[in-house]
Amino acid sequence: MQTTIEGGSLYLRPPAAKSLGASMPAVSVLPALSTNDPLYGLIYYTLGGWFIGMSGVLLLEGILISQVNNYYSWYSEDSLHLKMAVAGLFILTILKTIQSFAITWINSILYMRDPAGTVALFKEWYQVVNIPLGAVIAAYVQSYYCYRLYKLSGKWFYIAPLVVVMILGLVSAIITGSVIAKSGKSSNWFAIHVSCTFVTDVLITAASTFFLVKAREKALSHTKKLISGLIKICCQTALPATTATLLELICSRIGGKALKPQATNSIILVLLNTVPILYANCMLYILNTRRSLRSADASAGLGNSNSNTHPSGSRSRQQWRSNAAAPVELSSLGGVHVHTQIETGETTSGVSESLL
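So the sequence shown is numbered by full-length UniProt numbering: it starts at 1 and just counts up by one.
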């Protein structure tokens with residue numbers, strides 16, 4: 001195989017076939033995309049952003065499928081409402097995955113010979129619904145968190161402001177999609193949407209942690225370990241999506257309203273695709289951790305009952321054994337019960353309070 005360079009292009013010329021007396025035609029290998037190419041930004045940042053985002057969606061959706069399978073295998077005793085909620089979330093993520101794959105296929109395959117033509121696709125319905133669909137999934141998961149917080153606090157007025165901010169974020173996402181469909185540009189409504197989503201995440205996490213810390217102060221020793229585990233899970237599951245939303249907000253402010261092919265907008269494209277599936281994975285992770293919490297709680301409870309010297313210890317141990325097999329729930333669809341200690345003179349009794 002001979003290599004020659006003619007006119008700035010690389011050619012691979014195979015040696016002549018001596019037996020047939022014929023030669024194969026030269027194969028032209030196009031040079032790599034140069035930064036000076038007018039299509040460089042469009043291909044590198046826009047189409048590249050869609051491709052990376054789609055790849056992340058497929059990866060996260062695969063993880064979610066495994067989590068959903070584990071949920072229905074481990075928690076068959078859950079209420080129908082919770083099972084339907086998980087099924088609804090899974091259907092939404094499937095639609096999001098299909099949409100992300102379809103956009104990447106159209107941009108990179110159908111318009112392969114006309115990359116510049118993909119700019120006009122911003123106004124197509126399957127791209128316009130990208131932001132609203134992601135906002136619906138985020139609001140869906142945040143609604144579950146709000147309901148869980150309501151069961152934890154027992155006060156609806158703690159939840160009302162969060163719901164208002166969450167709805168504002170959802171409405172602003174729909175308006176953003178409408179503006180992009182008409183003008184092909186973003187607007188300040190997108191920043192409002194991302195800000196509301198970020199603020200809702202932070203407030204839900206802070207409020208949940210606050211009420212769990214208050215409950216831990218009144219809990220028995222073995223239950224304090226359980227609540228500490230709940231606090232840890234609460235913060236762990238909030239961190240990925242909240243951090244990604246904050247990064248999305250920063251990039252949107254740097255990139256501006258114009259949908260220019262630049263690095264910040266490429267990051268936004270990746271996050272717009274992956275963050276909704278990340279939200280869904282966090283919710284399923286919370287639901288599936290009840291299995292490990294149940295085991296830890298049962299072990300701590302048995303250890304505590306074995307060392308109990310109180311006259312009513314026999315009855316407490318018997319009650320604990322009867323409840324040890326019950327799953328540890330994270331919502332009122334089967335509450336986490338924390339045994340607190342009330343002392344009146346020499347009498348100590350266990351009080352069960354539903355936390356989540």
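Ideal Cβ positions, reconstructed from N, Cα and C, are used throughout, including at glycine.
Computed from a predicted model, the values in this text were never measured in an experiment.
Asked	Found
Going by alpha carbons, who is nearest to Arg148 out of Val213, Ser292, Arg291 and Ile286?	Ile286
Output yes or no for whether 9 Å exceeds the beta carbon distance between Ser172 and His193.	yes
Grab the span of the alpha helix (DSSP H) containing Met283 for me, first residue to last.	Ala263 to Asn288
Hey, is the region 161 to 175 in contact with the region 137 to 153, meaning 3+ C-beta pairs nearer than 8 Å?	yes
Is Trp189 near Thr205, with beta carbons less than 9 Å apart?	no
Applying the criterion that 16 or more other CB atoms from any shown protein chain within 10 Å of the CB defines a buried residue, is Leu90 buried or exposed?	Strictly speaking, residue 90 in this sequence is Phe, with Leu absent from that position. It is buried - the Cβ of Phe90 has at least 16 other Cβ atoms within 10 Å.
Give every residue of the same chain whose Cβ lies closer than 7 Å to the Cβ of Met283, excluding the five residues on either side of it in the sequence, and list them in chain order.	Leu89, Val141 and Tyr144
Taking only runs of the beta strand (DSSP E) that begin and end inside the region 79 to 134, which ones reach a length of at least 3 residues, in chain order?	none
Excluding sequence positions up to five away, which residues of its chain have a Cβ less than 6 Å from the Cβ of Ser266?	Tyr45 and Gly49
Just to check my reading of the structure: Thr245 and Asp201 have Cβ atoms closer than 8 Å, yes? What is that Cβ distance to the nearest angstrom?	6 Å
Leaving aside the five residues before and after Tyr150 along the sequence, list all residues of the same chain whose C-beta is less than 6 Å from its C-beta, in chain order.	Ile159
Classify Val213 as buried or exposed, calling it buried when 16 or more other Cβ atoms lie within 10 Å of its own Cβ.	exposed
What separation, rounded to the nearest whole angstrom, lies between the Cα atoms of Trp156 and Arg113?	56 Å
Rounded to whole angstroms, what is the Cα-Cα separation between Leu203 and Ala219?	24 Å
Please go through the same chain and pick out, in chain order, the residues whose beta-carbon is closer than 6 Å to the beta-carbon of Val136, but skip the five residues on each side of it.	none
Following the continuous alpha helix (DSSP H) through Thr176, name the residue where it begins and the one where it ends.	Ala160 to Ser183
Is it true that the CB of Gly134 sits closer than 9 Å to the CB of Leu272?	yes
If you run the structure through DSSP and keep just helix, strand and coil, what is Lys225?	helix
Whole-angstrom Cβ separation of Asn107 and Leu47, contact assumed at under 8 Å?	5 Å
Compute the distance between the beta-carbons of Thr104 and Glu61, then report whether it is under 9 Å.	no
Taking C-alpha atoms, which residue in Pro240, Leu168, Ile277 and Leu293 lies nearest to Lys224?	Leu293
Quick check: the Cα distance between Phe211 and Cys234, rounded to an integer number of angstroms?	12 Å
Compare the C-alpha of Thr97 against each of Ile174, Met84, Gly53 and Leu80 and name the closest.	Gly53
Tell me which residue opens and which closes the alpha helix (DSSP H) that Phe51 is part of.	Gly48 to Trp74
Could you check whether Ala280 and Thr197 sit closer than 9 Å to each other, using their CB atoms as the reference points?	no
Please name the residue, chosen from Ser55, Gln99, Thr264 and Val68, that lies closest to Ala85 on a Cα-to-Cα basis.	Val68
Under a three-way DSSP split, which group does Thr309 fall into?	Only weak support is given to the placement of Thr309: the predicted model assigns it a pLDDT of 44, under 50, and the question is left unresolved by the model.
Can you tell which of Thr209, Ile167 and Thr243 has the C-alpha that lies nearest to the C-alpha of Ile227?	Thr209
Can you grab the Cα-Cα spacing for the pair Asn288 / Pro132, in whole Å?	28 Å
Write down the C-beta distance between Val57 and Thr274 rounded to the nearest angstrom, noting that I regard them as a contact closer than 8 Å.	6 Å
DSSP three-state label for Ile248, please.	The question names Ile, but residue 248 in the sequence shown is Glu. Looking at Glu248 - three-state DSSP - the assignment turns out to be helix.
CA-CA distance, Ile250 and Ala102?	28 Å
To the nearest angstrom, how far is the alpha carbon of Gly184 from that of Leu121?	9 Å
When you compare only the Cα positions, how much space is there between Lys83 and Asn70?	12 Å
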